[in-house]
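**Q**
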Amino acid sequence: MAKKVIVKIHALIRQREISLRELSRLSDVRHAALSELATGKRANINFSHIEKIADALGINDIREIIDFVEVEDFE
C-alpha cells in the first residue's frame, strides 16, 4: 500500500464550527486553494498555506493539519 498526505481541512472547520470561506478570510489563503487542499485535488502542498492555516487557527502541531493515509496503489 502506498501512503498519501492529506490536509484535514474539513475536520478543522467542523471542529471550530467555521466555514471554508471563513478559514480563507482568517488565514489569507484563497478559498479555491483551500477547497483543492480539502478535496485532495491539489497535487502539491504549499507549506506557507499550512503555516497560515496553523496561525489562523492557533495550531502548534502540524499533525493536526496534515496526516498520512494508506491508499491502494493502482500503478
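Mapping the sequence shown onto full-length UniProt numbering, position 67 (from 1) lands on 67, and the numbers just tick up by one. Just so it is clear, CB atoms sit at the ideal spot from N, CA and C, and this is done for glycine as well. The model shown is predicted, which means the values in this text are computed figures rather than measured ones.
(1) Skipping 5 residues on each side, what residues in its chain have a beta carbon closer than 8 Å to that of Glu22?
(2) Asp55 lies in the beta strand (DSSP E); which residues open and close that run?
(3) Flag this pair as yes or no: are the beta carbons of Ile53 and Val29 separated by less than 8 Å?
(4) Strictly under 8 Å for the Cβ-Cβ distance: is Asp55 near chain C by that measure?
(5) What do you reckon, are the CB atoms on Ile66 and Lys8 nearer than 8 Å?
(6) Near Ser35, which residues of its chain fall below 7 Å by C-beta distance, leaving aside the five closest residues on each side in sequence?
(7) Mapping the DSSP letters down to three states, classify Glu64 as helix, strand or coil.
**A** Inspection of the coordinates gives the following:
(1) Ile13
(2) Per DSSP, Asp55 belongs to no beta strand (DSSP E); it is in the alpha helix (DSSP H), Phe47 to Leu57.
(3) yes
(4) Considering every chain present, this structure includes no chain C. It has just one protein chain.
(5) yes
(6) Leu20
(7) helix
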